[in-house]
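Taking it in order: structure first as structure tokens, then the write-up.
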Amino acid sequence: MARRFETTVQLLRHEVLVEVARMAMSGTVERDKEMIPYVVVQGKRARFRCCVYKERAVVKQRVELACGIGVDGTEACKSGELIQVLETGCDECPVDRFTVTEACRGCISHPCMESCPVDAIIQINRRAYINQEKCIECGRCHSACPYDAIADTQRPCIRACPVNAIDFGEDKIARIKKDKCIYCGLCALRCPFGAIADVSCIIQVVEALKKKDEAPVHVVLAPSIVAQFEDLSMEQIHGALIKLGFAAVHEAALGADMILAEEAEEVVEKVREGSFLTSSCCPAFVQIIRKHFPELEDNISTSVSPMIAVGRYVKKHHPDAVTVFIGPCIAKKMEARQSDRNDAIDYAITFEEMLALFVASDIEPAECTPVPLEQSSVFGRAFARCGGVGEAVAQAVKEYNLPLEVTPVKCDGAAECVKALRMAKAGRPPGNFIEGMACVNGCVGGPSSFNHKAKAKRMVDEHSKKAILKTITEATSILK
Numbered sequence: 001m002a003r004r005f006e007t008t009v010q011l012l013r014h015e016v017l018v019e020v021a022r023m024a025m026s027g028t029v030e031r032d033k034e035m036i037p038y039v040v041v042q043g044k045r046a047r048f049r050c051c052v053y054k055e056r057a058v059v060k061q062r063v064e065l066a067c068g069i070g071v072d073g074t075e076a077c078k079s080g081e082l083i084q085v086l087e088t089g090c091d092e093c094p095v096d097r098f099t100v101t102e103a104c105r106g107c108i109s110h111p112c113m114e115s116c117p118v119d120a121i122i123q124i125n126r127r128a129y130i131n132q133e134k135c136i137e138c139g140r141c142h143s144a145c146p147y148d149a150i151a152d153t154q155r156p157c158i159r160a161c162p163v164n165a166i167d168f169g170e171d172k173i174a175r176i177k178k179d180k181c182i183y184c185g186l187c188a189l190r191c192p193f194g195a196i197a198d199v200s201c202i203i204q205v206v207e208a209l210k211k212k213d214e215a216p217v218h219v220v221l222a223p224s225i226v227a228q229f230e231d232l233s234m235e236q237i238h239g240a241l242i243k244l245g246f247a248a249v250h251e252a253a254l255g256a257d258m259i260l261a262e263e264a265e266e267v268v269e270k271v272r273e274g275s276f277l278t279s280s281c282c283p284a285f286v287q288i289i290r291k292h293f294p295e296l297e298d299n300i301s302t303s304v305s306p307m308i309a310v311g312r313y314v315k316k317h318h319p320d321a322v323t324v325f326i327g328p329c330i331a332k333k334m335e336a337r338q339s340d341r342n343d344a345i346d347y348a349i350t351f352e353e354m355l356a357l358f359v360a361s362d363i364e365p366a367e368c369t370p371v372p373l374e375q376s377s378v379f380g381r382a383f384a385r386c387g388g389v390g391e392a393v394a395q396a397v398k399e400y401n402l403p404l405e406v407t408p409v410k411c412d413g414a415a416e417c418v419k420a421l422r423m424a425k426a427g428r429p430p431g432n433f434i435e436g437m438a439c440v441n442g443c444v445g446g447p448s449s450f451n452h453k454a455k456a457k458r459m460v461d462e463h464s465k466k467a468i469l470k471t472i473t474e475a476t477s478i479l480k
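Heads up, the sequence shown is in UniProt numbering, so the first residue is 1 and it goes up one at a time.
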């Protein structure tokens, strides 16, 4: 199926995933995977880097990640090291954050020198000069210069990370600090060289589909899928997944409806105690709290995410089923492996991996027989965009006649999440329910979406309004 990609990095990831999926389907991965770099990078002229040899070396590392093998040769799918740096692909970006440019006029007031708290700036030949050994990267010189002559050239991966989980060693290659990483995937999304990538379990999913007669494979599909294919209906996407070999497709949005009664009661109890509640559906947001604001961990909602709720529902009614979550999120791969939740989802893959499976199988969704949707509520489907969770909790409190006026605050992106949590830590929570979404615009802005257009959020709202069931209680009643 023909498709335009937002970036060349996205295209390269797609090409690798398609080749790995094809080999997995034919059972030739171990025999032929060494050929993939030559399939993706053909000829003698490099497309992106200095030479074809470097390009093929990077593709080789990508192939290993697509096969579930980490850069250190271990089975990363099992170890949980789900985001890794491709050392061959890292361009070793400049590490000196602040530098003086040609725009420096050598003025006589020296605001840059006066603002520096460690005397790291001197004048040489009437030009400012930063002693990088002294510089503490506070940025005061950058702010003080009236000519904007001091450039802030922070690495894209470091700038993207909201929790300072990336640094670099003497070799200048980026490193991910595991104790700080929240698995949001923003570094992978923002790296212009595609040198940070997530580990795939696409081979395991293909193997499960091969054995579908022994154990049916069920999909739990994230509602943000509606924004990925502008020219397809949800029914056509469902039809394509069924043609791929899945036994059934379940909307993760129905899981949102399942958990809202519990979450509504929980926020009432927290407010009664003089406290507040945070959402728990975004695993990256939950990791922000657990790793960076541990004193607020008791404020996290104890309800599971919609993905886990639907996964457990499927396992309850189909004990032999294999469950596969498909969404825009790298952090969901981490959540599916957590010891207290690994009974729900066997494999989590992304929309990019789903697209690769379609292409590898020569499936054109537009030509597939439409399959009707499961019915979730307007509010369950709105979980896919920022603000939807808070609105749904407020609605649930209203529907279940609970004695509370919910004052939700939405945190649009990890930076806003950190800001709200700092306020809460200081005893000034911005609302009695804090909805945290690590990705800007919510799940539709996830790192493994292949459509980050501004109208993606609107497409989620339009899909939500099409729901036949207008209330949460209507949606949950069909499960009884």
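From the three backbone atoms N, C-alpha and C, an ideal C-beta is built for every residue, glycine too.
Values in this document were obtained by computation on a predicted structure and should not be read as measured data.
Return yes when the Cβ of residue j is within less than 7 Å of the Cβ of residue i, no when it is not.
i: residue 116; j: residue 156; result: no
i: residue 233; j: residue 353; result: no
i: residue 266; j: residue 277; result: yes
i: residue 120; j: residue 107; result: no
i: residue 384; j: residue 224; result: yes
i: residue 381; j: residue 321; result: no
i: residue 130; j: residue 95; result: no
i: residue 221; j: residue 472; result: no
i: residue 346; j: residue 323; result: yes
i: residue 212; j: residue 245; result: yes
i: residue 386; j: residue 410; result: yes
i: residue 437; j: residue 184; result: no
i: residue 25; j: residue 32; result: no
i: residue 161; j: residue 187; result: yes
Mind reading off the beta-carbon distance from residue i to residue j? Whole number of angstroms is fine, and I expect it under 8 Å.
i: residue 71; j: residue 61; result: 6 Å
i: residue 202; j: residue 356; result: 7 Å
i: residue 182; j: residue 287; result: 4 Å
i: residue 254; j: residue 64; result: With a Cβ gap of about 36 Å, residue 254 and residue 64 do not count as contacting.
i: residue 263; j: residue 301; result: 5 Å
i: residue 40; j: residue 16; result: 6 Å
i: residue 330; j: residue 447; result: 6 Å
i: residue 227; j: residue 459; result: 4 Å
i: residue 56; j: residue 38; result: 7 Å
i: residue 408; j: residue 394; result: 6 Å
i: residue 344; j: residue 315; result: 7 Å
i: residue 147; j: residue 77; result: About 51 Å; that fails the 8 Å criterion.
Could you give the DSSP three-state label for residue i: helix, strand or coil?
i: residue 248; result: strand
i: residue 348; result: strand
i: residue 99; result: strand
i: residue 461; result: helix
i: residue 476; result: helix
i: residue 309; result: helix
i: residue 408; result: strand
i: residue 84; result: strand
i: residue 8; result: helix
i: residue 357; result: helix
i: residue 343; result: coil
i: residue 189; result: helix
i: residue 241; result: helix
i: residue 366; result: helix
i: residue 232; result: coil
i: residue 467; result: coil
i: residue 203; result: helix
i: residue 92; result: coil
i: residue 453; result: coil
i: residue 139; result: coil
Going by DSSP, which residues form a beta bridge with residue i?
i: residue 75; result: 69
i: residue 327; result: 350
i: residue 123; result: 128
i: residue 59; result: Bridge partners of residue 59: none, in fact.
i: residue 218; result: 248 and 323
i: residue 436; result: 411
i: residue 168; result: 174
i: residue 198; result: 83
i: residue 150; result: 100
i: residue 300; result: 278
Report task. Can you check the region 370-432 for any beta strand (DSSP E) of at least 3 residues that lies completely inside it and give the ranges in chain order? Result -> Taking only runs of at least 3 residues, the beta strand (DSSP E) segments lying wholly in the region 370-432 are 408-412.
Query raised in the report: Quick one: complete alpha helix (DSSP H) runs, 4+ long, within the region 252-289?
Result: You should have 252-272.
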